[in-house]
Amino acid sequence: MIGVFDSGFGGLVVLREFLRLLPQYDYLYLGDNARIPYGTRSDRVVVRFTEQAVDFLFRLGCHLIILACHTASAKALRTIQQRYLPVHYPRYRVLGVTIPTVEEALARSRRKRIGVIATEGTVASRSFELELRKLEPAVEVVQQACPLLVPLIEAGEQDWEGTALILERYLQPLKKAEVDTLILGCTHYSILSGQIKALMGDEVEIICSGQVTAVKLVDYLARHPEIESLLSRDGSRRYLTTDLTPRFQALASLFMGQPVDSEVVEL
Ligand code: DGL
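At position 249 of the sequence shown (counting the first as 1) the number is 242 in our numbering, and the numbers step up by one without a gap.
What follows is the structure in structure tokens.
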């Protein structure tokens, strides 16, 4: 199976794109809703939580896991790839959302002035900035942490006028810096992509990781038959969460664009 992990249900926007481009595979989604947010936690805790999730998904039969969470990709992916996998699951793979997003942003940016909005943790890790510079040393990067957006989206307040005001305030420095491309560096933010596009203007390219990661996954599987051949193809989907409330269910449907039947699990 292909495992898709997020700190909550935001990663469903990534899974949704996988299902569109690669519907033949079996998917197991895990949202750590009991411990969201990851965006305000220390590196050590994000690594520990993400390792637990990855371990859980491997034990349930996943062979490839996508961290559909920018905070986990920024803070835990490298440690998992370099220290955890070689010892525990040398034949399996864990991939993230940062690199596909960065590659797409650079491809679409004309003047190489790129803005990033993300959680506090992702911004503090400077992962986007570092990865962008590795591929394009001359790139200008303007980062903005948006700590209020995840709680507002989680509270179902994406259409509230207060959210629009807060968003406007967060986007102001990026507009001032005249970025030509804006990375939505947190899976939750795609819910606000219409409002973000309207505030930034038509000239600015908005990069959402869902579609971008799905396109890169198609390419990855074509280039890695040793991983692709491990994946089962019955078109099944299972949605797991570490906590479930009626609000989470509503949120899952919002992210997925259709009702989601989630099972509660303990990691
Ligand atoms: N899923 C997280 C991300 O993409 C956002 C929510 C959180 O803070 O855990 O960064």
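We treat Cβ as the ideally placed atom computed from N, Cα and C, and that holds for glycine.
Note that the coordinates shown come from a computational prediction; the quantities given were computed from them, not determined experimentally.
Membership of G203 in any beta strand (DSSP E) is not indicated; the residue belongs instead to the alpha helix (DSSP H) covering S202 to R216. If you check the CB distance, L50 and V208 do not come in under 8 Å. In this structure, F121 is the residue among Q75, F121 and L8 with its C-alpha nearest to the C-alpha of E97.
If you ignore the 5 residues before and after H181, its C-beta comes within less than 6 Å of the C-beta of G3, V143 and I146, all in its own chain and listed in chain order.
If you look at A111, you'll find it in the beta strand (DSSP E) that goes R106 to A111. Going by beta carbons, G108 and V205 fall outside the 8 Å limit. The continuous beta strand (DSSP E) containing R231 extends over residues R230 to T234. Runs of the beta strand (DSSP E) spanning 3 or more residues and lying entirely within the stretch 36 to 95 occur at 57 to 60 and 86 to 88, in chain order. Distance from the C-beta of T234 to the nearest heavy atom of the ligand DGL is not below 7 Å. In this structure, V38 has its CB at a distance of at least 7 Å from all heavy atoms of the ligand DGL. In this structure the stretch 160 to 178 lies against the stretch 135 to 142, because at least three pairs of beta carbons, one per stretch, are closer than 8 Å. Nearest C-alpha to D212 among Y31, V39, P93 and Y82: P93.
Taking all protein chains in view, the Cβ of P252 is surrounded by fewer than 16 other Cβ atoms within 10 Å, so the residue is classified as exposed. With a cut-off of 7 Å, the C-beta of I73 is classified as distant from the ligand DGL, since no heavy atom of the ligand falls inside that distance.
In the DSSP assignment, S186 falls within the unbroken alpha helix (DSSP H) covering S186 to M193.
The C-alpha of S35 lies about 14 Å from the C-alpha of R119. In this structure the stretch 124 to 131 does not lie against the stretch 225 to 245, because fewer than three pairs of beta carbons, one per stretch, are closer than 8 Å. With respect to the 8 Å criterion, G54 and M(-6) are classified as neighbours on the basis of their beta carbons. Here A61 is buried: its Cβ has 16 or more other Cβ atoms, across all protein chains shown, within 10 Å. Around the beta-carbon of P218, fewer than 16 other beta-carbon atoms lie within 10 Å, marking it exposed. Sequence-distant partners of F42 (beyond 5 residues in either direction) whose C-beta falls short of 7 Å from its own C-beta, in its chain, are D25, R28 and Y31. About 6 Å separates the beta carbons of Q188 and L160, which is inside the 8 Å limit, making them a contact pair.
Look at Y31 here: in three-state DSSP terms it is coil, with no helix or strand label.
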